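All the letters of the sequence shown, read from the start, carry residue numbers 1 to 481 under the working numbering.
Below is one structure, written out as structure tokens; comments come after it.
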Amino acid sequence: MAPLEENTQKVLLELTGDDSTSDRSGLDLVAVLDVSSSMQGEKIEKMKTAMKFVVKKLSSIDRLSIVTFLDTANRICPLRQVTEDSQPQLLKLIDALQPGGNTNISDGLQTGLKVLADRKLSSGRVVGVMLMSDGQQNRGEPAANVKIGNVPVYTFGFGAHYDPTVLNVVARNSMGGTFSVVNDVNLLSMAFSQCLAGLLTVVVQDLTLTVARIEDESTIQKVAAGNYLQTPDADAGSVTVAFGDLYSKEVRKVIFDLLLPAIDSDRGADILEVTYSYKTAGKLFDAPPATVTVRRSGTAFPADDPPVDVQTEEARLKTATMIQQARTMADGKKLGDARDKLAEAQNALENVVAQSDPLLDALRTELQELLKLMKSQEVYEKQGRPYAMSSETSHDRQRFAARGDIENNRLFSTPRMDKYLEQAKKFDEDPAAPLPSADKDEEEEVAANPLAPLVGPITFYIRAAVEALQAIEKLINKGAN
């Protein structure tokens, strides 16, 4: 329901990757590893353990390349299929890694990207780069200037002496990558496991969403879709958002503000046309258009409160914006103002109707942790800034990123990530223990949900911010009064 006079409506669109990964595409993964002199001792050993977890989780349809960097980069292993025969050889290469030298992140990144660019077999395959560093770049060109292209790069700040700004920019320059904070050297396996869980459960690739106004019925005023690329078409009155890959059970929410013009008489009106497309197994699929319809009526009026799910998503977007504002204040040495901004964000969450929503709980946890990490400028510089940057990128991508304590905040995590988290914890305690491959994980999930392979790879959901039932209820109350 919408009134006859000019008014603004909010429409929430939601795309969810379904849970069938039995026919997943093979993964081409490049691990770009810092082996500079600062990686001495426990750090190099923990990195080896984390990489062994990665190798043991990959299957025969997956390929792995390992690139190391110090003064320059070295591709110690081309893309190799991870089979029973090659797995011991890969583990041996990892065991042989030795630290020494300076830190040239850009050369490592460029070498890793070249491995993917030089592939002869690439159609339909999932790609990803995992780049970890524990230090400041002191060799080569700035890594932030490297042109990445249509590849997700997941960066991991390891320890306490890396540059979060560089790693964050690299992730943001990529298609769908995130920046993870790993302050505790004992958590690297768990951080790697979360990234791997996503890459091994990609259900669609090159996902794009297009929304178009209906001529004379609506105008698109604003699109809230994080920092995913938006391409407007002024002539068509449309906006296309490119999301890249979508993991199993991962969700992308987009809120559109629509302006509806004034009209003279009651009637139904189509106000928005929605289409989306994606690739699966290298083949392009175009979903049929969906239309958002409202009833324009002289007895209708905008609801005072939008639906709970719209409120909740708007609260998340507002919180993410305020975290960024607080970080900017803290970077300018205005720590008191930054804490006030975070407290303001906390208070704003208390006005949302769905107080018991897990998303709101995660946002509260995030704000509480940031407040702790802004108790002094020194603590902020070491831990607060990386945490805030990781949080911002995670919100912008609607994708999980480790923010230090991987278990406390599971915002945007998927079921496979939760499963791999437990496996990584046990593996870190006993790397010699048996570890199921990704194929075994998929078999267990299909057995638990035998209907999953029959479901399409994406579910699509539209929610208008003004609902008929709300309008009818208010009209009844108005009549009673």
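Where is the CB? At the ideal position from N, CA and C, for every residue including glycine.
All figures in this text were calculated on a predicted structure; none of them were measured in a lab.
Nearest-angstrom Cα distance between valine 169 and glutamine 324? Numbered from its first residue, the sequence shown carries residue 169 at position 169. Numbered from its first residue, the sequence shown carries residue 324 at position 324. Here the alpha carbons of glutamine 324 and valine 169 stand approximately 14 Å from one another.
Extent of the continuous beta strand (DSSP E) run through arginine 327: As a first step, residue 327 must be located in the sequence shown, where it is residue number 327. Residue range 308-331 is occupied by the alpha helix (DSSP H) that includes arginine 327, with no beta strand (DSSP E) assigned at that position.
From Tyr247, Gln40, Lys253, pick the residue whose C-alpha is nearest to that of lysine 279; which is it? What you label residue 279 is simply residue 279 of the sequence shown in a count that begins at 1. Ranked by Cα distance from lysine 279, the first of Tyr247, Gln40, Lys253 is Tyr247.
Helix or strand or just coil, what does DSSP make of isoleucine 476? Position 476 of the sequence shown, counting from 1, holds the residue named residue 476. Annotation note: pLDDT 48 at isoleucine 476 (below 50); position unreliable, no value reported.
The alpha helix (DSSP H) that contains leucine 167, what's its start and end? Along the sequence shown, one-based indexing puts residue 167 at 167. In the DSSP assignment, leucine 167 falls within the alpha helix (DSSP H) that extends over 164-173.
One question on the structure: do threonine 68 and valine 35 come within less than 8 Å of each other, judged by their Cβ atoms? Residue 68 sits at position 68 when you count from the first residue of the sequence shown. Residue 35 sits at position 35 when you count from the first residue of the sequence shown. It is a contact, given that the beta carbons lie within the stated cut-off.
Can you give, in chain order, each stretch of the beta strand (DSSP E) that sits fully within the segment 66-103 and has at least 3 residues? For the beta strand (DSSP E) assignment, the uninterrupted runs of no fewer than 3 residues enclosed by the segment 66-103 are, from N- to C-terminal side, 73-81.
Just how far apart, CA to CA, sit arginine 139 and glycine 198? Working through the sequence shown from its first residue, we reach residue 139 at position 139. Working through the sequence shown from its first residue, we reach residue 198 at position 198. Spanning the two alpha carbons is a distance of roughly 32 Å.
Give the straight-line distance between the Cα atoms of arginine 80 and serine 123, rounded to the nearest whole angstrom. Looking up residue 80 in the sequence shown gives position 80. Looking up residue 123 in the sequence shown gives position 123. Linking arginine 80 to serine 123 through their CA atoms gives a straight-line distance of about 17 Å.
Hey, would you say aspartate 28 sits closer than 8 Å to arginine 63, going by beta carbons? On the sequence shown, residue 28 is found 28 positions in, with the first residue counted as 1. On the sequence shown, residue 63 is found 63 positions in, with the first residue counted as 1. Yes, the Cβ-Cβ distance between aspartate 28 and arginine 63 is below 8 Å.
Among Glu250, Asp245, Arg296, Gly157, nearest to aspartate 270 - alpha-carbon criterion: For the purposes of this step, residue 270 is identified with residue 270 of the sequence shown, where counting begins at 1. The shortest C-alpha separation from aspartate 270 is found at Arg296.
Rounded to whole angstroms, what is the Cα-Cα separation between glutamate 5 and leucine 13? Within the sequence shown, the letter at position 5 stands for residue 5. Within the sequence shown, the letter at position 13 stands for residue 13. Each residue's alpha carbon lies about 25 Å from the other.
Verify whether the separation of the beta carbon atoms of tyrosine 154 and leucine 207 is less than 8 Å. Numbered from 1 along the sequence shown, position 154 holds the residue referred to as residue 154. Numbered from 1 along the sequence shown, position 207 holds the residue referred to as residue 207. No, Cβ-Cβ distance for tyrosine 154 and leucine 207 is not below 8 Å.
Rounded to whole angstroms, how far is the Cβ of aspartate 134 from the Cβ of lysine 43, which I believe are closer than 8 Å? Translated into positions along the sequence shown, residue 134 becomes position 134. Translated into positions along the sequence shown, residue 43 becomes position 43. About 6 Å separates the CB atoms of aspartate 134 and lysine 43; that is less than 8 Å, so the two are in contact.
Going by other Cβ atoms of all chains shown within 10 Å of its Cβ, with 16 needed for buried, is proline 307 buried or exposed? Translated into positions along the sequence shown, residue 307 becomes position 307. Buried, because 16 or more other Cβ atoms sit within 10 Å of the Cβ of proline 307.
Measure the alpha-carbon distance for isoleucine 220 versus valine 166 and round it to whole angstroms. If you number the sequence shown from 1, residue 220 lands on position 220. If you number the sequence shown from 1, residue 166 lands on position 166. The C-alpha of isoleucine 220 lies about 35 Å from the C-alpha of valine 166.
Please confirm whether leucine 367 and alanine 345 have their CB atoms less than 8 Å apart. By 1-based counting over the sequence shown, the position of residue 367 is 367. By 1-based counting over the sequence shown, the position of residue 345 is 345. Result yes, Cβ atoms of leucine 367 and alanine 345 sit closer than 8 Å.
DSSP-derived helix/strand/coil call for valine 129: Residue mapping note: residue 129 aligns to position 129 of the sequence shown, counting from 1. Three-state DSSP puts valine 129 in a strand.
Would a check of beta-carbon distances place asparagine 104 closer than 8 Å to chain C? In the displayed structure, chain C is absent; only one protein chain is listed.
Using the Cα positions of lysine 253 and alanine 225, report the straight-line distance between them to the nearest angstrom. Taking the sequence shown and counting its residues from 1, one reaches residue 253 at position 253. Taking the sequence shown and counting its residues from 1, one reaches residue 225 at position 225. Computed Cα separation, rounded: 7 Å.
What separation, rounded to the nearest whole angstrom, lies between the Cα atoms of phenylalanine 156 and methionine 51? Along the sequence shown, one-based indexing puts residue 156 at 156. Along the sequence shown, one-based indexing puts residue 51 at 51. Cα-Cα distance, rounded: 13 Å.
Could you check the C-alpha separation between valine 151 and asparagine 173 for me, to the nearest Å? Working through the sequence shown from its first residue, we reach residue 151 at position 151. Working through the sequence shown from its first residue, we reach residue 173 at position 173. When rounded, the distance between both Cα atoms is 9 Å.
Quick check on the burial criterion: 16 or more other C-beta atoms within 10 angstroms. Buried or exposed for proline 386? Along the sequence shown, one-based indexing puts residue 386 at 386. When all chains shown are included, proline 386 counts as buried.
Note down, in chain order, each residue of its chain lying with its Cβ closer than 6 Å to the Cβ of proline 99, except the 5 sequence neighbours on either side. If you number the sequence shown from 1, residue 99 lands on position 99. If we look at proline 99 and ignore the five residues flanking it on each side, its Cβ neighbours are Val35, Ser37, Met39, Gln40, Ile44.
Could you check if aspartate 23 is buried or exposed, using at least 16 other CB atoms within 10 Å of its CB as the buried criterion? Translated into positions along the sequence shown, residue 23 becomes position 23. By the Cβ-count criterion, aspartate 23 is exposed, with fewer than 16 other Cβ atoms from all chains shown falling within 10 Å of its own Cβ.
For aspartate 216, the first and last residue of its enclosing alpha helix (DSSP H): As a working mapping, residue 216 is identified with position 216 in the sequence shown. No alpha helix (DSSP H) holds aspartate 216; DSSP gives it neither H nor E.
May I ask which residues mark the beginning and end of the alpha helix (DSSP H) holding leucine 196? Sequence index remark: in the sequence shown, residue 196 carries index 196 (1-based). Looking at the DSSP string, the run of the alpha helix (DSSP H) that includes leucine 196 is 188-199.
In three-state terms, what does DSSP make of leucine 4? Residue numbering aside, residue 4 sits at position 4 when the sequence shown is read from its first letter. Reduced to three states, the DSSP call for leucine 4 is coil.
Own chain residues within Cβ distance below 8 Å of lysine 318, not counting five before or after: Counting from one through the sequence shown, the residue named residue 318 turns up at place 318. Cβ-Cβ distances below 8 Å link lysine 318 to Ala345, Ala348 in the same chain, with the five nearest sequence neighbours on each side left out; the list follows chain order.
Opposing strand residues paired with tyrosine 276 [DSSP bridges]: Taking the first residue of the sequence shown as 1, we reach residue 276 at position 276. BP columns for tyrosine 276 point to Leu209.
As a quick exercise: from Pro415, Glu215, Ala432, pick the residue whose alpha carbon is nearest that of glutamate 442. What you label residue 442 is simply residue 442 of the sequence shown in a count that begins at 1. Nearest of Pro415, Glu215, Ala432 to glutamate 442, Cα basis: Pro415.
In or out: alanine 468 buried (at least 16 other Cβ within 10 Å) or exposed? Counting from 1 along the sequence shown, the entry for residue 468 is found at position 468. Caution applies to alanine 468, whose pLDDT of 41 falls short of 50 and renders its modelled position unreliable; the value that the coordinates give is listed next. Flag for alanine 468 reads exposed.
To test your reading of the DSSP string, which unbroken beta strand (DSSP E) runs of 3 or more residues are found completely within the segment 33-70? Listed in chain order, they are 63-69.
By how many angstroms is the C-alpha of threonine 210 removed from the C-alpha of leucine 284? Position 284 of the sequence shown holds residue 284. Position 210 of the sequence shown holds residue 210. Per the coordinates, the alpha-carbon of leucine 284 lies some 15 Å from the alpha-carbon of threonine 210.
Candidates Gln110, Gly336, Met130, Ala281: closest to proline 553 by CA position: Missing from the structure shown is residue 553; the chain here goes from 1 to 481 and no further.
Would you mind sorting valine 55 into buried or exposed? The rule is 16 or more other CB atoms within 10 Å of its CB. By 1-based counting over the sequence shown, the position of residue 55 is 55. The residue is buried, with at least 16 neighbouring Cβ atoms inside 10 Å.
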